[in-house]
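Below is one structure, written out as structure tokens, with a few remarks after it.
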Amino acid sequence: MPQRPLACIILAAGKGTRMKSALPKVLHPLGGQPMVNHVVRAAQSLSPEKIVVVVGPGMDNVATAVAPHPTVVQEQQLGTGDAVKAALGQLAGFNGDVLVLYGDSPLITPATLSAMVAARHGDGDPAVVVLGMRPADPGAYGRLVLGADGGLDRIVEFLDATPDERAVTLCNAGFMAFDGARMGALLSGIGNQNAKGEYYLTDAVVVARAKGWTCAVVEGPTDDTAGVNSRAELAGIEKIFQGRLRLAAMANGATLLDPDSVYFAADTVLGRDVTVGQHVVFGPGVTVEDGVEIKPFSHLEGVIVRKSAIIGPYARLRPGTDVGEGAHIGNFVELKNTQFGKGAKANHLTYLGDADIGGGSNIGAGTITCNYDGVLKHRTRIGENVFIGTHSTLVAPVAVGDGAYTAAGTVVTRDVSPDALAISRAPQAEKAGWASRYRAAKLALKAKLTKM
Ligand code: UD1
Ligand code: MG
Numbered sequence: 001m002p003q004r005p006l007a008c009i010i011l012a013a014g015k016g017t018r019m020k021s022a023l024p025k026v027l028h029p030l031g032g033q034p035m036v037n038h039v040v041r042a043a044q045s046l047s048p049e050k051i052v053v054v055v056g057p058g059m060d061n062v063a064t065a066v067a068p069h070p071t072v073v074q075e076q077q078l079g080t081g082d083a084v085k086a087a088l089g090q091l092a093g094f095n096g097d098v099l100v101l102y103g104d105s106p107l108i109t110p111a112t113l114s115a116m117v118a119a120r121h122g123d124g125d126p127a128v129v130v131l132g133m134r135p136a137d138p139g140a141y142g143r144l145v146l147g148a149d150g151g152l153d154r155i156v157e158f159l160d161a162t163p164d165e166r167a168v169t170l171c172n173a174g175f176m177a178f179d180g181a182r183m184g185a186l187l188s189g190i191g192n193q194n195a196k197g198e199y200y201l202t203d204a205v206v207v208a209r210a211k212g213w214t215c216a217v218v219e220g221p222t223d224d225t226a227g228v229n230s231r232a233e234l235a236g237i238e239k240i241f242q243g244r245l246r247l248a249a250m251a252n253g254a255t256l257l258d259p260d261s262v263y264f265a266a267d268t269v270l271g272r273d274v275t276v277g278q279h280v281v282f283g284p285g286v287t288v289e290d291g292v293e294i295k296p297f298s299h300l301e302g303v304i305v306r307k308s309a310i311i312g313p314y315a316r317l318r319p320g321t322d323v324g325e326g327a328h329i330g331n332f333v334e335l336k337n338t339q340f341g342k343g344a345k346a347n348h349l350t351y352l353g354d355a356d357i358g359g360g361s362n363i364g365a366g367t368i369t370c371n372y373d374g375v376l377k378h379r380t381r382i383g384e385n386v387f388i389g390t391h392s393t394l395v396a397p398v399a400v401g402d403g404a405y406t407a408a409g410t411v412v413t414r415d416v417s418p419d420a421l422a423i424s425r426a427p428q429a430e431k432a433g434w435a436s437r438y439r440a441a442k443l444a445l446k447a448k449l450t451k452m
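Number 163 in the working numbering belongs to position 163 of the sequence shown; there are no gaps in the numbering.
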């Protein structure tokens, strides 16, 4: 493909009324990341000189999500043509191709975008290349009307289309590649005499044809081109996206025991020979190294799990957690912001929050770190090869030295020296024959009460 500079404009100023949400449509997450970030990532894969995102007034949260890429505010939503015009100010002095992407079509792939840019330099030097698709239900998409030579003559919006035009199955996916040098002339030729009274970007095609310039269509896979206008469509797209992530995880050497029940985030990283059991959910920011086993019903988010560790079943790993090589985290164990050492074990019913657990330590069932005093969070520091007895309560800030023990049921409120035993228990008393005396007294009372 000829190497010409490329700039990308991502349209994201629409309110997304049909989402019925306080959140701008393009910030609704797909695989744990805002939709618009997927589009930015696809654009980045082409190494453009610049990416400009068009947002609506007050969409500072969209600007934050796409930073450091610049945004321009389209003051009024006068249509996709107007939105692109608003972005052109950011491209002053730019000389090359301009790709327009829609922030609400997050499944677009680098391959499809590359094909569009390649077609821009293909036969007839088209001024505009439009991404086409043939969805099972063409619904209200714009229709692509081809000329006798197979080139693109015009795009008709559904509301403006005649019955014959509505019968066309080749639809406009929205993405367009422009020759930057001719783009200004095309945009200024677009009017708003149509059903919606909007400046349709799609009219760039008919303007180009009137100037004698050719326009071309690249047909993309339907899955890549699907747009989100409602929550139901977002759910459909999430399904497709999860399918892609599952296949990628397996292609990279992970075993998924029941792929359809495993949910990934867009940024999940799995090493080789990782085994993932049924019903495991990965939130954003998870890295799992080689040889790890994640047993069913575990939930991981913002964590790194190092080589050959075993997680779950029913484990919950929360942000800021680092599970060391070969460590074991068992059922109903929750870790938050915890460094869990190499080969350490916490196999049952435990909460470790804001803790450092040294290598080789064993955390008994029912251990709890009391990390929160109602106002501040505090750390618990446990050394190497420590044995924390069952049902120990560690009131942070507190430290347990290397090799120390805590007795079962101990409430640790002061630091424990290395190699020591900490024990805090009420002494156990025994009352001989107490149980039969107790039962006899109770039965006598019951007999008396029933007689009355
Ligand atoms: C658009 C196309 C239609 C195509 C469909 C594909 C036009 C006129 N129509 O219709 O041919 O089949 O997409 O999904 O382009 N936006 C702005 N500013 C505006 C209006 C829209 O930034 O003033 C943004 C939206 O945030 C969205 C994108 O442009 O990301 C598309 O807008 P939308 O209103 O969804 O267009 P459609 O009616 O779906
Ligand atoms: Mg749309």
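Virtual Cβ for every residue (Gly too), placed ideally from N, Cα, C.
The residues 345 and 387, in chain order, have a CB closer than 6 Å to that of residue 362 in the same chain once the five nearest residues on each side in sequence are set aside. Per DSSP, reduced to three states, the secondary structure at residue 362 is strand.
Runs of the alpha helix (DSSP H) spanning 4 or more residues and lying entirely within the region 272 to 330 do not occur at all. When distances are taken from the beta-carbon of residue 382 to the heavy atoms of the ligand UD1, even the shortest one reaches 7 Å or more. DSSP places residue 237 in the uninterrupted alpha helix (DSSP H) bounded by 231 to 251.
DSSP lists 387 and 421 as the beta-bridge partner residues of residue 405. C-alpha of residue 246 to C-alpha of residue 253: approximately 11 Å in a straight line.
Between residue 434 and residue 328, the alpha-carbon positions lie close to 43 Å from each other. For residue 182, the uninterrupted alpha helix (DSSP H) run begins and ends at 180 to 188, by DSSP. For residue 50, the uninterrupted beta strand (DSSP E) segment begins and ends at 50 to 55. Judged by DSSP secondary structure, residue 395 falls within the beta strand (DSSP E) whose first and last residues are 393 to 395. Judged by DSSP secondary structure, residue 17 falls outside any alpha helix (DSSP H); it is assigned neither H nor E.
Residue 82 carries a helical assignment under DSSP once its states are collapsed to helix, strand and coil. CA-CA distance, residue 125 to residue 219, rounds to 18 Å. Between residue 72 and residue 98 the beta-carbon gap is near 14 Å, outside 8 Å, which marks them as no contact. Counting C-beta pairs with one atom in each stretch, the region 200 to 217 and the region 166 to 184 have three or more that are closer than 8 Å, which means they touch. When distances are taken from the beta-carbon of residue 224 to the heavy atoms of the ligand MG, even the shortest one reaches 7 Å or more.
The beta carbon of residue 368 lies closer than 6 Å to those of 351 and 393 in the same chain, with the five residues before and after it left out. CA-CA distance, residue 376 to residue 337, rounds to 14 Å. Inter-residue distance for residue 321 and residue 289 is about 14 Å (C-alpha atoms, whole angstroms). Looking at 160, 117, 8 and 210, the one whose alpha-carbon comes closest to that of residue 94 is 8. Counting only runs of 4 or more residues that sit fully inside the region 21 to 77, the alpha helix (DSSP H) segments are 35 to 44 and 60 to 66, in chain order.
The ligand MG never approaches residue 137 closely enough for any of its heavy atoms to be under 7 Å from the residue's Cβ. Using a 10 angstroms sphere on the CB of residue 428, the tally of other CB atoms stays under 16, which defines it as exposed. Cβ-Cβ distances below 7 Å link residue 256 to 246, 249, 250, 262 and 276 in the same chain, with the five nearest sequence neighbours on each side left out; the list follows chain order. Distances taken from the Cβ of residue 160 to the heavy atoms of the ligand MG include none shorter than 7 Å.
By alpha-carbon distance to residue 270, the top candidate from 62, 304, 50 and 242 is 304. Between residue 128 and residue 208, the beta carbon gap of about 5 Å places them in contact (Cβ cut-off 8 Å). Taking a 10 Å sphere around the C-beta of residue 59, we find 16 or more other C-beta atoms and assign the residue as buried.
Non-local C-beta neighbours of residue 82 in its own chain, meaning closer than 6 Å and more than five positions away in sequence, comprise 199, ordered along the chain. Ordered along the chain, residues surrounding the ligand MG are 104, 227 and 229 [Cβ under 6 Å from any heavy atom]. With a cut-off of 7 Å, the C-beta of residue 358 is classified as distant from the ligand UD1, since no heavy atom of the ligand falls inside that distance.
Within the model, the alpha-carbon separation for residue 22 versus residue 148 is close to 47 Å.
Between the region 182 to 192 and the region 138 to 154 there are fewer than three C-beta pairs closer than 8 Å, too few to call the two in contact. Per DSSP, residue 154 is one residue of the beta strand (DSSP E) stretching across 152 to 156. Between residue 186 and residue 211, the alpha-carbon positions lie close to 9 Å from each other.
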